[in-house]
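This report concerns only the one structure given below.
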Amino acid sequence: MLRLSRTFFTTLLSAAFLSPAFADDSSRDSVSETAVVDAPPADSSTSNTPLNESDSDDSASINTPPVDQCIDPASQPKNSNSIPVNIQADSVTSQGQNQATYHGNVVVTQGHKTITADKVTLNQANNTAVADGNVVTNDGQIKSQSTKVNSDLKGNRVELYNTKYNLLCQTARGDAAYILKDGQAIYSMQDGSLTTCPEDNKSWRVKASDIDIDNDEQEATFYNTRFEVQDIPIFYWPYITVPIGAKRKTGFLYPNAAYDTKNGLELNIPIYFNLAPNYDLTTTVNYMQKRGTQFENEFRYRTDGFGAGSAQFEYLNKDGLYTDKGARWGGHWQHEGIYNRHWKFSVDYAKISDNTYLDDLDSNIGKREDGQLNQIGEVNYRTEFSDTTLKVRNFQVLTNNKPYRLLPQLGFKYYRPRALPHLDFEWNSHISRFETDNDKLPDATRLHMEPGVILPFSAPWGQLTSEAKVMYTYYDQDLKNTNVPKLKEHTQRVVPEFRINGNLFMDSNEKFFGDYTQTIEPRLQYLYIPKVDQDEIYHGYDTTLMPQDYYGLFRDMKYSSVDYIASANQLSYGATSRFYDADFKERFNISLGQILYLTPSEESDNSNNNHLSAWALENEWNISDKWQYKGGLQYDSNLSNLQQANSTLEYKLPTGYTQLNYRYTSKDYIQQSAPNILESQLDSYTRSGISQLGALTKFKITKRLDFNASYYYDLTENNMLEGLAGVTYNDDCWFLGVTYSHHIMSSGSVENVYAQNGPGPEYEGKVSINIGIKGLGTSAGLAYSDGGNSLSYGRPFSLN
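Per mature numbering (1 follows the signal peptide of the UniProt record, and there is no 0), the sequence shown runs over residues -23 to -1, 1 to 777.
Structure follows, in C-alpha cells:
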C-alpha cells in the first residue's frame, strides 16, 4: 500500500521555502542556495548572498544525487531533518518578504531526498507552498510524479494532484487523481490504483474510488474496489480493509482449486482472523463436489511464560461418499514451551472420528500411511546436572494392532562430570506403567535404576572411554489371560555391563588419486554383558530392535529399551576413511564394520554358530560439485544374505536437481526386527519384503516456467505407489501452478489385493490448480499445491 513519509514534505518543502532567498522584490538567474530546517526568515541584508557558496565542502556534502532505490529509514541519522536543504533553479523571483517563486529546473535536495519541479512558489502570508509542473518527489521509500503539489509550511497538510507513484522498498506502483496527507499518519486517495506489476504490464491491478491509509494502525481501507485483469473488472468489493507493513489483518487469503477422481471439483477458500497480537485463526472452507463442505481450522497462539502452540480442527458434517460414517472430524494440538528456564512442556495430541479418516480425506492431522496417531504429553525439570521427566504416551490406533500405553512414566537422570578426579558419574532411572487393550498380553509397572561410572580420555589424535554400570529392573505384571509361558507377576533382574570404546584420527602426508589427502579413523569397542535369565519378563512393553547400521555396531544396547537386555561378549571393529581435495573439501568417505562375537549367544544374529555379525557399510561421495551419492547396506556373509540397502544419487542442475533413490529390506530382517509380529500378520503387509525405487526432479524449463515431478515404484509387487507432475508459471506479478498426482489409496491385505484374480490396488488421481498475485503478502517464490503427496524430497547428504 502507499505509505508516504511523515517527514518528507516537512523537511523538503517547508524547510526549503523558509530559506532567506526572498527578502525583497528581485530576480536572479542560476540560483543555488542552502537553508537549515525551520530557519527563520532573514532580513534584506542577506538576500543577495547564496549561502552554499561560503563553503564549497559543505556544498559538496549536501548535493547528493537522486536515487531510485530503497533506503532504510533506520540507517539514516536520527537528526536527518536538520540536514541543510539545497535549492537549485534557473531563476528566483521575490515579491516582498512574503512570497518567493523559483523557476525552471527547480531541484530541492536534503541528503538523499529530492524534489524536482518546473516551478515552486512559497507564500508565507497564507502559509502555503506550491510546486507546479512535473513535480517529482523521492525520499528513498516512495517516488512520485504529480502535476501539482500543495503543502502548508509545516508539511502537516499536503495535496498531490494526478500522481503516479512507485514504492521503492516494495514491488508496487499505482496512480491517483488526488492524494491528501492530513497530519502525521492519515492519508486519503481518490480514484487510486495499486499493482505489483512492472510498467507496461497490465496483468492485474486494484482500483478504488477512495482509499484511506492509516500508518499508525497499519491498515488501508478501500471503497468501491475493483480487481482488474488486463483492465477488465473481475471482482468487486464495496468495502475492504487490508494490512500494510508488518501488521496482520483479518481477511481472505488466496484460494485454490482442484479436481480429483474421488472428491470431484474442490475449492478451498482460506479466511484469516487476526484475533489478537499473540493469537490468530485461519479457517478454510473446503468445498468438495462429491463429499460436501469441510471446515479446516488452525488456531495459533503464543504466551509470555509457557511457550507457543497450535490447535487444528477439521469437520465434515456429512460425507457424501460415506453416508454411514456420519459426521467426520479430526483434531491435533501441539505445544512447546519453557518456563523459568528450568521447566519444559510439550504436548502432541491427535484424534480423528474414525480409523479410515486419513485414507478417505486429505488432512493436516496426519498422513494416509499413518498406522496410529500420537497422544503424548511431557513435562521436564532441568538443572545443571539433572533432568526429571513426567511423560504420558497414548495412541489412537488405526490398524488392528493394540500397542502399549505409557500411563505414566516418571524418569530421573543425573550426570556429574568429574565427580571424582578423572571419573564421571551418571544415574538413569524411571518408573513406568504400561497398559494394553489386548487381553492376551500383560499390563505392568516397571521400576528401573541404572547407576554408572565413566572414565573418559581424549587427545587430538584420539579418544578412549571406559564405562561400567549396573542395570536393576523390577516388574509387577498383571498377567490377565496371557498365554506367554514362564511369565511371573513379580520379578526382578540385575544386569551388569562393561564397555571400552575408542577411536584414532590419523592422516597421511601422501597424496592419493592426484591431489587428495586421506584420513583413517579406526574404531574399536569391547562390550561385555553377562547372560541373565529374563524369561519371567514380557519383552515387548516398549522395546524393539534398533537398526544395525555401521553406527549401531558401537552401541551398548541392541534394543531400544530395557525389557530385554541382550547378552554380549563381543568386539566391534570398523574404520572410516575420508578423502579431502586441495581446498580441504571432503569429497569421499566410507565406513565399514562388523561385530566379532567372542561368546556365542542366542540373542546374537550368529545363525549356525557363526561368530560374526553382518557387515555394515556407509558411504558418501561428492563425485563432483554437481554429482552426489550416498548409500549403505547390511550384508550377512555367513548366509550370503543382503538384509538392508539404500542408495541415493543426485545431480544438481543449474536451476534445480534430479534424484534417484532405492531402498531394500528383506522379509527375514523385518521379522527379526519385530519378533512380536506373527508371520501371518507380516504376510498381510508384505509378501517379499521391501524393494522400492523412487525418482524426483525439479528445475526451470524457462526463466518463468518451473517443473517438478516424482515417481515411486514397488519392485516386489510391480506397481506404482505414487506419482506427481507439476508446472508453475511465474510472471512478474502473479503465478499459476498446475499439479497432477496419482497415488495408491488403500491396498488392504497384500495377499488379497495381489491374489490371482484379485482386484488389484485402488488409485486416486487429482489435478490441483493454484493461482496468486505477488507482492501483497505473497512470497515471490514458487507456490502450488502438491496434490496431497506424502512422499517428498529430502536432502540426505551431510557432505558440504
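Every residue gets a Cβ at the ideal spot worked out from N, C-alpha and C, and that includes glycine.
> Does DSSP classify Tyr358 as helix, strand or coil?
Replying inline: strand
> Exposed or buried, what is Asn695 when buried is set at 16 or more other beta-carbons lying within 10 Å of its beta-carbon?
Replying inline: exposed
>> Suppose only complete runs of 3+ residues qualify. What are the beta strand (DSSP E) ranges in the segment 462 to 504, listed by chain order?
In response: 467 to 481 and 483 to 489
> What's the C-alpha gap between Ser617 and Asp401?
Replying inline: Rounded to the nearest angstrom, the two C-alpha atoms are 43 Å apart.
>> Can you give me the C-alpha to C-alpha distance between Lys675 and Lys603, rounded to a whole angstrom?
In response: 15 Å
> Closest by CA to Gly666, which one among Ser643, Tyr688, Arg395 and Ala672?
Replying inline: Ser643
> Roughly how many angstroms lie between the CA atoms of Asn63 and Asn747, to the nearest whole one?
Replying inline: Distance from the CA atom of Asn63 to the CA atom of Asn747, rounded to whole angstroms, is 51 Å.
>> In chain order, what are the residue ranges of uninterrupted beta strand (DSSP E) at least 3 long that sit wholly in the segment 358 to 429?
In response: Segments of the beta strand (DSSP E) lying fully in the segment 358 to 429: 363 to 374, 382 to 397 and 400 to 412.
>> If contacts are defined as beta-carbon pairs under 8 Å, then His309 and Ser323 qualify, I think. What distance do you get, rounded to the angstrom?
In response: Their Cβ separation, rounded to whole angstroms, is 14 Å, which puts His309 and Ser323 out of contact at 8 Å.
> Looking at C-alpha atoms only, which residue of Lys457, Pro419, Tyr452 and Val472 is the closest neighbour of Ala445?
Replying inline: Val472
> Out of Gln386, Glu498, Ala396 and Ser668, which has the shortest C-alpha to C-alpha gap to Tyr518?
Replying inline: Gln386
> Where are the beta strand (DSSP E) runs, 3 residues long or more, that stay fully inside the segment 116 to 197, in chain order?
Replying inline: 119 to 129, 134 to 144, 149 to 159, 163 to 171 and 182 to 191
> Nearest to Ser123 by alpha carbon, out of Leu145, Tyr249 and Gly151?
Replying inline: Gly151
>> Does the contact criterion of 3 or more C-beta pairs under 8 Å hold for the segment 478 to 496 versus the segment 426 to 443?
In response: With a cut-off of 8 Å, the segment 426 to 443 and the segment 478 to 496 count as touching, because enough Cβ pairs lie within range.
>> Using a Cβ distance threshold of 8 Å, determine whether the segment 528 to 542 contacts the segment 487 to 499, with at least three qualifying pairs required.
In response: Contact between the segment 528 to 542 and the segment 487 to 499 is absent, with fewer than three C-beta pairs closer than 8 Å.
> Rounded to a whole number of angstroms, what is the C-alpha to C-alpha distance between Leu350 and Ser330?
Replying inline: 12 Å
>> Only counting the same chain, and skipping five residues up and downstream in sequence, which positions put a Cβ closer than 7 Å to that of Lys226?
In response: Glu196, Thr218, Val219, Pro220 and Asn251
> Which residue's Cα is closest to the Cα of Ile211: Asn240, Lys239 and Trp181?
Replying inline: Trp181
> So what's Gly308 in DSSP terms, helix, strand or just coil?
Replying inline: strand
> Quick one: what's got a C-beta closer than 7 Å to Asp613's C-beta in the same chain, skipping five residues either side?
Replying inline: Ala591 and Gln620
> Is Gln74 helix, strand or coil by DSSP?
Replying inline: It is coil, neither helix nor strand.
> How close, in whole Å, do the beta carbons of Tyr606 and Ala622 come, if the pair is a contact with beta carbons under 8 Å?
Replying inline: Not confirmed; about 13 Å, so no contact.
> Tyr213: buried (16+ other C-beta within 10 angstroms of its C-beta) or exposed?
Replying inline: exposed
> Would Tyr717 pass as a contact of Lys680 if the rule is Cβ separation under 9 Å?
Replying inline: no
> Using the beta-carbon count (16 or more within 10 Å), is Arg555 buried or exposed?
Replying inline: buried
> Since Thr366 contacts Gly388 with CB under 8 Å, what's their CB separation in whole angstroms?
Replying inline: Contact between Thr366 and Gly388 holds: their C-beta atoms lie close to 4 Å from each other, under 8 Å.
>> Just list the residues that DSSP pairs Gln87 with in beta bridges.
In response: Lys90
>> Could you compute how far the alpha carbon of Ala421 sits from the alpha carbon of Phe411?
In response: 5 Å
>> On the criterion of 16 or more Cβ atoms from any shown chain inside 10 Å, does Ser363 qualify as buried, or is it exposed?
In response: exposed
>> On the criterion of 16 or more Cβ atoms from any shown chain inside 10 Å, does Ile750 qualify as buried, or is it exposed?
In response: buried
> Whose C-beta lies closer than 7 Å to the C-beta of Asp708 among residues of the same chain, with five residues either side of it excluded?
Replying inline: Ser180 and Arg681
> Excluding five sequence neighbours on each side, which residues of the same chain lie with their C-beta closer than 8 Å to the C-beta of Asp763?
Replying inline: Unreliable positioning characterises Asp763 in this predicted model, as indicated by a pLDDT of 44, which lies under 50. The coordinate reading is nonetheless provided below. Once the five neighbours on either side are set aside, the close Cβ partners of Asp763 are Leu701, Gly703, Thr716, Ser718, Ser745 and Ser769.
> Given that a residue counts as buried once 16 or more other Cβ atoms are within 10 Å of its Cβ, and exposed if not, what is Asp416?
Replying inline: exposed
> DSSP beta-bridge partners for Ile572?
Replying inline: Ser549
>> Just to confirm the assignment, what range does the alpha helix (DSSP H) spanning Asp645 have?
In response: Judged by DSSP secondary structure, Asp645 falls within the alpha helix (DSSP H) whose first and last residues are Lys644 to Ser650.
>> So the candidates are Leu504, Ile600 and Ile353; which of them puts its Cα closest to the Cα of Ala543?
In response: Leu504
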